[in-house]
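These notes are about the structure you will find just below.
Residue numbers (my numbering): 27 to 212.
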């Protein structure tokens, strides 16, 4: 459902919801405004050498010529990633006690068609509801982030996993540093 669309405000949606705002019900569709799904993201930032970052293009813009050659002809280079970030989707059941991934030889663990292999660092389905009968009013959006108690544990595991990747890079003498460290944990 796109936000600020006329569907629920025009009387299409769960029967009781439009009535709450004095809107006549044109069509009772219980699922309208339900099952909003999104991913929670926690930005963990690290400083890496300039030679491994797209930021080097600001200092040496002529490098873009080389990168524009590497990408289409060899499928390599910094232009493979559209942004300066990396997202990893994992199943927490494959973490060990130290938030490291447990590699198995089972082909069923890598079959993305199996429901058990969907990333579980997800959220419960949220809702979009009317704030008033005025169709130009912003809706009330409740993504239900962390509405299930296990959500916090999964988020902690994901953050620990990210730091374990950083620690592995440090052990390999890679020059990576935390970009922002809150004063409360220094």
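Idealized CB from N, CA, C, for every residue including glycine.
For this session: Could you check if residue 50 is buried or exposed, using at least 16 other CB atoms within 10 Å of its CB as the buried criterion?
Result: It counts as exposed.
Exercise. Does the segment 61 to 77 come within contact of the segment 202 to 212, defined as at least 3 CB pairs closer than 8 Å?
Worked result: yes
Exercise. What distance in whole Å lies between the Cβ atoms of residue 153 and residue 59, which are believed to be in contact at a cut-off of 8 Å?
Worked result: 6 Å
For this session: Write down the C-beta distance between residue 172 and residue 121 rounded to the nearest angstrom, noting that I regard them as a contact closer than 8 Å.
Result: Not quite, the Cβ-Cβ distance comes to about 19 Å (not below 8 Å), so this is no contact.
Exercise. Hey, out of 170, 125, 77 and 190, whose CA is closest to residue 179's CA?
Worked result: 125
Exercise. Run through DSSP, which three-state label would residue 102 get?
Worked result: coil
Problem set entry | Where residue 60 sits in the DSSP three-state scheme | strand
Exercise. Hey, out of 43, 183, 99 and 67, whose CA is closest to residue 57's CA?
Worked result: 43
Problem set entry | Element boundaries [alpha helix (DSSP H), containing residue 26] | One cannot answer for residue 26 here, as it falls past the ends of the chain, which runs 27 to 212.
For this session: Go to residue 85, then tell me how far its alpha helix (DSSP H) extends in each direction, as first and last residue.
Result: 82 to 85
Exercise. Where residue 149 and residue 165 are concerned, what is the direct C-alpha to C-alpha distance, given to the nearest angstrom?
Worked result: Because the pLDDT at residue 149 is just 45, under 50, the model does not fix this residue reliably, and the value given afterwards should be weighed accordingly. Whole-angstrom Cα-Cα distance: 20 Å.
Problem set entry | Option in 54, 75 and 62 with minimal Cα separation from residue 196 | 75
Exercise. Do you know whose CA, among 167, 137, 117 and 85, lies nearest residue 63's CA?
Worked result: 167
For this session: Run the CB neighbour count on residue 184, radius 10 Å, all protein chains shown included, and call it buried at 16 or more, exposed below.
Result: With 16 or more Cβ atoms within 10 Å of its Cβ, residue 184 is classed as buried.
Problem set entry | Cutoff 6 Å; reference residue 103; Cβ partners in own chain excluding five residues on either side | 93, 96 and 97
Exercise. Is it buried or exposed for residue 156, if we count other Cβ within 10 angstroms and need 16 for buried?
Worked result: buried
Problem set entry | Rounded Cβ spacing between residue 41 and residue 54 (contact assumed at less than 8 Å) | Yes, residue 41 and residue 54 are in contact; Cβ-Cβ is about 4 Å, under 8 Å.
For this session: Quick one: residues in its chain with C-beta nearer than 7 Å to the C-beta of residue 82, no 5 flanking neighbours on either side, listed in chain order?
Result: Here the set comprises 76 and 89.
For this session: Go to residue 66, then tell me how far its beta strand (DSSP E) extends in each direction, as first and last residue.
Result: No beta strand (DSSP E) contains residue 66, which DSSP labels as neither H nor E.
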